[in-house]
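For the protein sequence lines, the chains are A and B, in the order given. Read in order, the letters of the first sequence are residues 1274 to 1973 in the numbering used here. Read in order, the letters of the second sequence are residues 9 to 233 in the numbering used here. A short worksheet on the structure shown next.
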Amino acid sequence: MHSMPRLSALLALSTALAGAPAVAEMNRSLNLNGATGLIDMPSGDAQDDARFTFSTALVGSITRTTLSFQITERLSGSFRFQTWRDWNTLFPADSDKFEDRSFDLRYQILKEGAYVPALTIGLQDFTGNGTFASEYVAATKTFGNRLKVTAGLGWGRMGSFGGIGEPFGDRPEVSDPGTPNSDQWFRGEAAPFAGVEYKITDQWTFKAEYSSDDYVLEQERGLIERDSPFNFGFEYQRGPNMRYGLYSLYGTEAAFVFHLILDPKTRAAGGVMGAAPVAVKARPARAADPDAYDGGWVTQADAGPLLRKNLAKRLAVDGIVIENLAYTATTAQIRVRSNRIDAGPQAIGRTARALSHVMPASVETFEIVPVVNGMGASKVTIRRSDLEQLEYAANNATLLRQRVVITDAGPVPANAVGDDGLYPKFRWGLKPAVKMSEPLKGDIGLRLSASYDFRPGLVLSGAIYKSVFSNVDRSGEYSDSTLPHVRTDNSRYSKFADPGLEQLTLAWYARPAEDFYSRVTFGYLERMHAGISGEVLWKPVDSRLALGVEVNYTKQRDTDGGLGFDEYYYDVTTGHVSAYYDFGNGFLGQLDVGKYLAGDVGATLSVDRVFANGWRVGAFATVTNATSAEFGEGAFDKGIRFSIPLTWAMGTETRQSFGATLRPYTGDGGARVDVNGRLYESIREYHTQSLDPDWGRVWR
Amino acid sequence: MTMNRLIATFAALALLAACGSDKSEPSPMGAAVGSLAKATVSRVSGNGAGGQAKAPAPPSRADIEKYGMPILRAVIPTRGADALVTISDQKGPVVTWSTTDGTTFTLREGVLIQTRGLGPDLMSAAAPGVGQLLRDGGTHQRVYYFLGQDDVSTRRTYDCTVDVKGRESVTIFGRAHAVTRVTEECKRPLGTLTNEYWIEGTTIRKSRQWVSGLIGHIDFERVVD
């Protein structure tokens, strides 16, 4: 078959091009502020559930970079970094830039119907110092499949031009920047705005609007001259993921926007990529070959190492490593670590297929224990005859799940077959690493990491980072925070610890009892703090609730990235009691109560939306007894975080991801030590609530 | 142009840094560059003038038969893919055919019930047997199972009618086969699809069968029994 390599190469090649079909219905597009809307004004529309967008807009000398997430079908949120250049042209001062960060929330009250318009109520910059604050109600109706009309009423900035009075009274000044400014909302002058969107072709859209934002701030600073309330321009949609817009603003300015549009639920690669599995090996019928089912093989001394070796060879194809193999004549328990496949069910399915090829016919029960950091995370028990029967059955995933039992991993069986040279194991890597601290701000560099596994669950690991390109603050100044500088001397660490030792720890993970997991980490835990961190987690396999306790004793490290503690003489005991709850549909909640690095006491509430394919978007807020003045600009610690699995974007089988935690302001209050290998996230993947959503991948 | 420079930068970083002891973990940067490069190459070959001219002459039946094993030809129009595949697993009427690069097609009596390795795969299916497909006017329900949004198992259920069109002759790699042409017309509230079969005796000699929304149809030809 000399043609096969060419033909199959073609097959492999073309899979890279798979994409979603072109959008047929009218787009619900975004505006310059990264919110669903017209040009500078919002609309009544909402994005598709779970859509994650990254927008960069240039409005004259203003740059707006916005991350938006459709949290639920009706609720969406945005986090925006805004820079005004030439800020001090008229008022010369130290910096010619002014920066502001803002949060938005929008809720769609009505979805569009045959006669009813889509109606959205929104808060823009609702916790900041009011620089970009607006509230609005906007209604949008589609006519046919080409025209959309929007009308709305705005307050704050969006009520600053063409006002019709103050329906809900005066708008007070922002009294407590950083906290929700609820006393301002919908107060002061209200002004109407309106606009149209017209779809010319599937790619091109024309937009025009009447804006109720007077750009008072920018006009005062001489940044923007506002001659007209009318804005118009064109947008170009390039494939499902990119949209560009070019506009004329306020009769004097040009604006450009680029939107990166990502749908976490839909793989950019079109589907789960990676090679097909080997078929399940069918055993001969017991009646036809009763000898094959004889269990006498268990008494053979060399059976264990041989089986283990054969399994290891088969599983290596999928990046799965065997930690342990134990067996009787009828049951095999295999403990495996999945280093490459990103979904638990698929790793389990591949392991079961390998067992069907290697284990003698008398073995009817497969117990597969996924191992994370040396800890058995759960035990998935599959009957071999179910695997054989259901391989080609319709709806085989659901049918198999009904017959599979998922329980606590339990202790390692006493008769487990040895290590086969797996331990001790040394690993190292030199890889590019991106550290994002703001949209379009961060470090690109190289990380040299190494780890040494003494035995399952006992790991010595370290990492050194060298920045290659950076646009973060590297001034090296001490911050003026009145709290201990546990986080705010960031610029010193960025400047002096380059290259620097990020981490050097000895970690010990264990299963002290059923449903309990434990971790002790000792050494240089993170860039700024070193010491000892201990954690215990209670998490039954099928429970939505988990509880944990963590205690740390740490000293602040020197800013030179070395081993010393001579710069700060700061040590502290911190600790938290944590409750984790899985609300279903991918929503995870977490509440931590305890003492933070600066000695402050309080609580952190986090909510994350996680997807079966590994996407994760969340927000958190920490309130402690550190005062607003002590904390600084933001009043209290809060932010958003996201993580995008690389396999989702590229289709390559890998467990790596790209992510960041973004805060409007980093203060010293509400800070926790940043230790690797926290237990809940480590083991959650293999518990029922995480295995079930994408269980279908067991047959992938 | 900036895109190319970006790719070059990433490629340089990836080459510089794609080293370590873990061979099982591919470098994601390298993979990114790889898939971009692939996409670029295939776009070029798709658009380039005379791109088709380079294709070598198709193998002859003699070339294919000399391997002495059953061969199925699978053509995926949406992927521009054309492959000769061999059997990797057989369990009674269910036969799994594999390409050399890890894509499989599983057919029961010649009716497609699973694919793997295509991406938007058909995970399993409730599908008719050849007997049902030869009964003119016969009806049956067909269910396709996929990994849908966020990898959640989803299904599409169709009500199908068999239409036996009559006798025909099809030629596969130079050999003529006397076949019965059959269509399977399937409907559901959200759409319709058609599968076509050319059946020789009780063997599906040739077929055009639907796989999934993003793949569309695959054309199968049973070249060597």
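From the three backbone atoms N, C-alpha and C, an ideal C-beta is built for every residue, glycine too. Being a predicted model, the structure only gives us computed values, none of them experimental.
Let me know the beta strand (DSSP E) ranges lying completely inside the stretch 175-221 of chain B, each 3 residues or longer, listed in chain order. Segments of the beta strand (DSSP E) lying fully in the stretch 175-221 of chain B: 183-196, 199-208, 211-220.
Here's the rule: buried if 16 or more other CB atoms are within 10 angstroms of the residue's CB, otherwise exposed. What is B:N203? Against the second sequence, residue 203 of chain B aligns to sequence position 195. Result: buried.
Thinking A:N1361 and A:G1403 are a contact (beta carbons under 8 angstroms), I'd like their distance in whole angstroms, please. Position 88 of the first sequence holds residue 1361 of chain A. Position 130 of the first sequence holds residue 1403 of chain A. In this structure, A:N1361 and A:G1403 do not form a Cβ contact; the two beta carbons are roughly 20 angstroms apart against a cut-off of 8 angstroms.
Could you tell me the boundaries of the beta strand (DSSP E) in which A:Q1355 lies? Within the first sequence, residue 1355 of chain A is the residue found at index 82, counting from 1. Note, A:Q1355: beta strand (DSSP E), 1348-1357.
Under 8 angstroms, with one C-beta from each stretch per pair, do the stretch 1457-1471 of chain A and the stretch 1520-1537 of chain A reach the 3-pair mark? Touching, no.
Quick one: Cα of A:A1297 to Cα of A:R1419, how far? Taking the first residue of the first sequence as 1, we reach residue 1297 of chain A at position 24. Taking the first residue of the first sequence as 1, we reach residue 1419 of chain A at position 146. Residue placement at A:A1297 is poorly supported in this model, since its pLDDT is 45, which falls under 50; the coordinates still yield a value, given next. Going by the C-alpha atoms only, they are around 11 angstroms apart.
Spatial neighbours of A:P1445 in its chain, beta-carbon cut-off 8 angstroms, leaving aside the 5 residues before and after: Counting from one through the first sequence, the residue named residue 1445 of chain A turns up at place 172. The answer, listed in chain order, is D1456, Q1457, R1460.
Given a threshold of 16 other Cβ atoms within 10 Å of its Cβ, counted over all protein chains shown, does A:A1736 qualify as buried or as exposed? Looking up residue 1736 of chain A in the first sequence gives position 463. By the neighbour-count criterion, in which a residue is buried when 16 or more other Cβ atoms sit within 10 angstroms of its Cβ, A:A1736 is buried.
Cα-Cα separation, A:L1935 to A:G1683: As a first step, residue 1935 of chain A is located in the first sequence; it is residue number 662 there, counting from the start. As a first step, residue 1683 of chain A is located in the first sequence; it is residue number 410 there, counting from the start. Annotation: A:L1935 to A:G1683 spans about 39 angstroms, alpha carbon to alpha carbon.
CB contact flag (A:A1899, A:A1871, <9 angstroms): Working through the first sequence from its first residue, we reach residue 1899 of chain A at position 626. Working through the first sequence from its first residue, we reach residue 1871 of chain A at position 598. Going by beta carbons, A:A1899 and A:A1871 fall inside the 9 angstroms limit.
Where A:Q1573 falls, given that 16 or more other Cβ within 10 Å makes a residue buried: For this step, residue 1573 of chain A is matched to residue 300 along the first sequence. A:Q1573 comes out exposed.
Could you tell me the distance, in whole angstroms, from the CA atom of A:A1892 to the CA atom of A:L1672? Counting from 1 along the first sequence, the entry for residue 1892 of chain A is found at position 619. Counting from 1 along the first sequence, the entry for residue 1672 of chain A is found at position 399. Cα to Cα, A:A1892 sits roughly 37 angstroms from A:L1672.
Roughly how far, in whole angstroms, is the beta-carbon of A:F1441 from the beta-carbon of A:T1478, given that I think they are within contact range, below 8 angstroms? Here residue 1441 of chain A is taken as the residue at index 168 of the first sequence, counted from 1. Here residue 1478 of chain A is taken as the residue at index 205 of the first sequence, counted from 1. The pair is not a contact, with the Cβ atoms about 35 angstroms apart (cut-off 8 angstroms).
Under three-state DSSP, which class holds B:H225? Counting from one through the second sequence, the residue named residue 225 of chain B turns up at place 217. For B:H225, the three-state secondary structure derived from DSSP is strand.
Please go through the same chain and pick out, in chain order, the residues whose beta-carbon is closer than 6 angstroms to the beta-carbon of A:G1307, but skip the five residues on each side of it. Working through the first sequence from its first residue, we reach residue 1307 of chain A at position 34. Non-local beta-carbon contacts of A:G1307 in its own chain, meaning distances under 6 angstroms to residues more than five positions away in sequence, involve S1328, T1339, S1341, S1351 in chain order.
Return the residue from the list A:D1359, A:E1408, A:S1375 that minimises the CA-CA distance to A:S1368. Here residue 1368 of chain A refers to the residue found at position 95 when the first sequence is read from its first residue. Closest in C-alpha terms to A:S1368, from the list A:D1359, A:E1408, A:S1375, comes A:D1359.
One or two residues paired with A:V1678 in a DSSP bridge: What you label residue 1678 of chain A is simply residue 405 of the first sequence in a count that begins at 1. Residue pairing for A:V1678: DSSP places it in a beta bridge opposite A:T1654.
Under 7 angstroms (Cβ pairs) to chain B, residues found in the stretch 1703-1719 of chain A: Legend: CB atoms of the stretch 1703-1719 of chain A lying less than 7 angstroms from CB atoms of chain B belong to residues L1703, K1704, P1705, L1719.
Helix, strand or coil: which one does DSSP assign to A:Y1869? Position 596 of the first sequence, counting from 1, holds the residue named residue 1869 of chain A. The answer is coil: DSSP assigns A:Y1869 none of H, G, I, E or B.
Please state the DSSP three-state secondary structure of A:A1574. Start at 1 with the first residue of the first sequence, and residue 1574 of chain A comes out as number 301. Reduced to three states, the DSSP call for A:A1574 is coil.
Distance, A:Y1483 Cα to A:N1504 Cα: Taking the first residue of the first sequence as position 1, residue 1504 of chain A is located at position 231. Taking the first residue of the first sequence as position 1, residue 1483 of chain A is located at position 210. Put simply, the backbone Cα of A:N1504 is about 6 angstroms away from that of A:Y1483.
Range covered by the beta strand (DSSP E) that runs through A:K1472: One-based indexing of the first sequence puts residue 1472 of chain A at position 199. From DSSP, the beta strand (DSSP E) with A:K1472 extends over 1464-1472.
Compute the Euclidean distance between the alpha carbons of B:T211 and B:A65, then round it to the nearest angstrom. As a position in the second sequence, residue 211 of chain B is number 203, starting the count at 1. As a position in the second sequence, residue 65 of chain B is number 57, starting the count at 1. Spanning the two alpha carbons is a distance of roughly 28 angstroms.
Identify, in the order they occur along the chain, each residue of the same chain with its Cβ nearer than 6 angstroms to the Cβ of A:G1807, setting aside the five sequence neighbours on each side. By one-based count along the first sequence, residue 1807 of chain A stands at place 534. Close CB contacts of A:G1807 within its chain, under the 6 angstroms cut and outside five residues either way in sequence, are with V1793, V1824 (chain order).
Please report the straight-line C-alpha distance between A:A1627 and A:K1739, rounded to a whole angstrom. Numbered from 1 along the first sequence, position 354 holds the residue referred to as residue 1627 of chain A. Numbered from 1 along the first sequence, position 466 holds the residue referred to as residue 1739 of chain A. In a straight line, the C-alpha of A:A1627 is about 41 angstroms away from that of A:K1739.
Am I right that B:G224 and B:P85 are in contact with their C-beta atoms under 8 angstroms? What's the rounded C-beta distance? By 1-based counting over the second sequence, the position of residue 224 of chain B is 216. By 1-based counting over the second sequence, the position of residue 85 of chain B is 77. Right, the Cβ-Cβ distance comes to about 7 angstroms (below 8 angstroms), so this counts as a contact.
Shorter than 9 angstroms from the beta carbon of B:C27 to some beta carbon of chain A? Residue mapping note: residue 27 of chain B aligns to position 19 of the second sequence, counting from 1. Yes, B:C27 counts as interfacial toward chain A.
Report the option in A:G1438, A:L1535, A:V1553, A:F1434 whose CA atom is closest to the CA atom of A:D1500. Stepping through the first sequence from its first residue, residue 1500 of chain A is reached at position 227. Of the candidates A:G1438, A:L1535, A:V1553, A:F1434, the one whose C-alpha sits nearest the C-alpha of A:D1500 is A:F1434.
Got a sec: is the Cβ-Cβ distance from B:D234 to anything in chain A below 9 angstroms? Within the shown structure, residues of chain B are numbered from 9 to 233, placing residue 234 of chain B beyond reach of any answer.
Could you compute how far the alpha carbon of A:L1695 sits from the alpha carbon of A:K1582? For the purposes of this step, residue 1695 of chain A is taken as residue 422 along the first sequence, with counting starting at 1. For the purposes of this step, residue 1582 of chain A is taken as residue 309 along the first sequence, with counting starting at 1. Distance between the alpha carbons of A:L1695 and A:K1582 is about 12 angstroms.
Sequence-distant residues of the same chain with beta carbon closer than 6 angstroms to A:V1642, five excluded per side: Looking up residue 1642 of chain A in the first sequence gives position 369. Cβ neighbours of A:V1642 beyond the five flanking positions: R1608, G1649, K1652, A1682.
Short of 8 angstroms Cβ to Cβ, which residues in the stretch 1653-1667 of chain A face chain B? Residues of the stretch 1653-1667 of chain A with a C-beta atom less than 8 angstroms from some C-beta of chain B are E1664, Y1665, A1666, A1667, listed in chain order.
Assigned exposure category for B:G118 - 16 Cβ within 10 Å defines buried: As a position in the second sequence, residue 118 of chain B is number 110, starting the count at 1. Classification of B:G118: buried, given that the 10 Å Cβ count is 16 or more.
Kindly say whether B:Q122, judged by its beta-carbon, lies nearer than 9 angstroms to any beta-carbon of chain A. Position 114 of the second sequence holds residue 122 of chain B. By this cut-off, B:Q122 is an interface position.
Quick check on DSSP: helix, strand or coil for A:T1961? Translated into the one-based positions of the first sequence, residue 1961 of chain A becomes position 688. A:T1961: helix per DSSP, three-state reduction.
Residues of chain B with CB closer than 7 angstroms to the CB of A:K1538, please, in chain order. For this step, residue 1538 of chain A is matched to residue 265 along the first sequence. Those within 7 angstroms of A:K1538 in chain B are Q157, D158.
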